[in-house]
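For reference, the structure is listed below as structure tokens.
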């Protein structure tokens, strides 16, 4: 008994240090019950909790309430696992109890929280209970009338403008040489005031009787007045000389029509008529604010009908008659009136837009041909024959030189602008032509933008669109220029098609560039030699990108056909070198690149040097380090266009091949962010993403130290792809971090993945791994949070078992030993058995602990070979437990079975002392405490979990990444080296 006493007084005290003893001793571990026919699933959402009862073979349930207790009675019996409901009940549930009813069926009693309510139902064969917070009781029951008032009524219709009695009495007033007629309505209404021949019509959108008996007589302004009423309108026809001006104004519910020259109360807005470009048959459209209706009004004098558009005030109209082949728009001071020459003309409204058309379309002139042109000032640059042409005379300065010519045109433009909004635009357009011809692009854009701000109708002028588009191309504002040349009014202009082709090349829209060049072939020879070379060169680039090498060669020859300035020819030679290189003649291409690299401007020499260096690198004439030095200097030598991006792409690939990963990623990322609008930036971003994938998904970064890989990943984590690839990338990095015990950083990665990137089963898988890492890091509270925050009702059985083990171990770490045992009481797996032994050890139930550790060893004593570290720890604990329990027979049994393993053990003296009490060597109390302490068992568990985590597959079910484009695939291959 001396050994047993010593164990109680010294060694055992050290072995169980830090264990907080619960009150009383737990009962011995119960035998694991087999799974029954009933599974209980629990899930929790923000607003309710849900419990589902899944029976194999089905079962009927009857529910009843007894205060805050909900009793479910099933017609079948079972022994369900309700540990979850008792140990960690979901929100709005206190506890649960299972019992057998008098009829032999299962009866479950769910005790609800004080503020909770429940709903029972059946879904998919399973009985469910939804728990939620009780809704607050209403203060007082509303009367039916009050309820009706509380409901949101539909938007009320416009108030009836017809006065009581149905009569609107016109009031007349003569003053200052004008006669005014006022029509007071009960509420604001829509009106149209227009002229047809020798009569002025006033049409209202309400069928009231108009009393015009107060009209004065004997005035020169009008000779007669006739009121009429239709089914949905009322109107007045005023006979008046064709030269009599008329105005309309509204104030509240009163409309006033004034005849005669003089001041007008309201300045009427202009209604703009434009082509309807919505597609389909040709038509017209007009924006009329406050439309109230489209009416058909009969003209008793002519004997036909007019289509009239009425609108609310203030006044807006069409100051002059607009004639078309099949209809005419009458001059109006308010609203619109359409005189039709065909029977199938339609006038409809859509919001504040009026659409005029026919089923077969209106007969309209070509878009550019019908645009109004302003009259040119004497000696000013004249309008070109096509909207997209640059006339060779525009840049002529005369004998006085540039400054005198510019000052003369600017003075004429300023004088014209000073005349107000009604002034012509000839001088300003002449100035814009001169600036475009002189390639002063920004100045031309300013003049044209100012003109269109003063005269919005100018936006529909084809020359304006062409001039501003050309200026924007010269300023390298390609997207803005594309918007101008895409205007419908230029759609059928061949000169504009060439500009669209040039812009498409700059934006890397290669098929569009080729198609538009073909559409503009008719106007090609009308341009100057310089622009002919530029257009042909851009089409050659598009053909080269599309693989049409013969077409590219032909366009280069076309660009070189006319004599141009030396720099223009060098630009064409640069494209020619690219075509020659694509044909496989690298030596000839290198000679051309070398010649162009000596150009005096960097926009030509920089790309030539870039391509020449790439050829020298590919042919082995220089080393990668030499090429990297050239590229590194070139990236600062010329900046701001696609050449810079191509240089950085080449430099990034070299850095990746040399293992300079951080420099490569930083270079690729900085350029893409600085020039996001250039087409090459998209290719560079693709390279950047491919390089990141190669590093962290394909294993290129495996050679880095884990902490270096982690730092690199965090610095560029915005490049993590969406979907399964990104999740796998994170998981591979986490495995490396776990291997080197960087558990905080691994937990940070998995926490972000679970909270922001995943849902459903994949989220539960990652959350389980996160809980495991927290347990390795001795953070059981966070492990419980990870498990509880990812609960769902449908999970694979294997994942449910794993999560149950994680939860039980977290409860063990929190000291909730009884709950830990209850969670795994039905789990018969080896992992659960080992965990159960640890819990019983913590409870100081020495007989049960010794038996459990011995059981976990099984028949290991029958197998030869040294014990593993884990097996040796279990044997030591079994011996200590049996010693503390005073079970000499058990100690003798262990000694007989495992006596032959002493010499091969890692701690042979500790085993010998624990099982026999005989000490043959030097072993002090501290040594024995160390080999039997919890830390040793925990370290062994951590090592085993690391191995399992390394072998565990990644989460499944994430969204798939779209298939990579050929360029992305090529970039990925290059990144792999």
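In this note's numbering, the protein residues as written are 4 to 980.
For every residue, glycine included, the Cβ atom is placed at its ideal position computed from N, Cα and C.
Taking 3 residues as the shortest admissible run, the stretch 60-101 contains the following complete beta strand (DSSP E) segments, listed from N- to C-terminal end: 64-69, 72-77. Note on residue 504: 16 or more other CB atoms within 10 angstroms of its CB, so buried under the neighbour-count rule.
In the three-state DSSP reduction, residue 735 falls in the helix class (H, G or I). Ranking 566, 72, 521, 528 by CA distance to the CA of residue 545 puts 521 first. Per DSSP, the continuous alpha helix (DSSP H) segment holding residue 822 begins and ends at 820-826. Judged by beta-carbon spacing, residue 592 lies within the 7 Å limit of residue 583, meaning their Cβ atoms are closer than that value.
Under the DSSP assignment, residue 351 falls in the beta strand (DSSP E) whose first and last residues are 349-353.
Collapsing the DSSP output to three states places residue 703 in coil.
Residues of the same chain with a CB within less than 6 Å of the CB of residue 945, apart from the 5 flanking positions on each side, are 779 in chain order. Where residue 621 is concerned, the enclosing alpha helix (DSSP H) starts and stops at 605-621. Residue 216 sits exposed, since fewer than 16 C-beta atoms from the chains shown fall within 10 Å of its C-beta. Distance check between residue 894 and each of 880, 906, 907 places 880 closest, using alpha-carbon atoms only. With 16 or more other Cβ atoms from the protein chains shown falling within 10 Å of its own Cβ, residue 259 counts as buried. Within the same chain, 343, 344, 345, 348, 361, 365, 366 come within 8 Å of residue 329 by CB-CB distance, once the 5 residues on both sides are set aside.
Per DSSP, reduced to three states, the secondary structure at residue 596 is helical. Nearest to residue 738 by alpha-carbon distance, out of 70, 318, 700, 83, is 700. Non-local beta-carbon contacts of residue 110 in its own chain, meaning distances under 6 Å to residues more than five positions away in sequence, involve 76, 102, 104 in chain order.
Going by DSSP, residue 336 is part of the beta strand (DSSP E) stretching over 335-337. With fewer than three CB-CB distances shorter than 8 Å, the stretch 158-171 does not count as touching the stretch 238-247.
Residue 100 and residue 830 have their C-alpha atoms spaced approximately 20 Å apart. Secondary structure of residue 297 (DSSP, three-state): strand. When DSSP states are grouped into helix, strand and coil, residue 771 belongs to the helix group. Rounded to whole angstroms, the gap between the alpha carbons of residue 671 and residue 514 is 28 Å.
Per DSSP, reduced to three states, the secondary structure at residue 904 is helical. In this structure, residue 175 places its C-beta atom within 7 Å of the C-beta atom of residue 219. A direct Cα-Cα distance of roughly 55 Å separates residue 51 from residue 660. DSSP, read as helix, strand or coil, puts residue 534 in helix. Under the DSSP assignment, residue 465 falls in the alpha helix (DSSP H) whose first and last residues are 465-477. Straight-line measurement puts the Cα of residue 730 at about 38 Å from the Cα of residue 845. Annotation: residue 909 is outside any beta strand (DSSP E) and is labelled neither H nor E by DSSP. A straight-line Cα-Cα distance of about 47 Å links residue 601 and residue 709.
Remark: fewer than three beta-carbon pairs, one from each stretch, lie closer than 8 Å, so the stretch 774-789 and the stretch 72-89 are not flagged as touching. With contacts defined by Cβ atoms closer than 7 Å, residue 271 and residue 293 do not form a contacting pair.
When C-alpha distances from residue 606 are compared across 594, 597, 585, 644, the shortest belongs to 644. Rounded to whole angstroms, the Cβ separation of residue 416 and residue 430 is 5 Å, and the two are in contact under 8 Å. By the C-beta density criterion, residue 610 is buried, having at least 16 other C-beta atoms within 10 angstroms.
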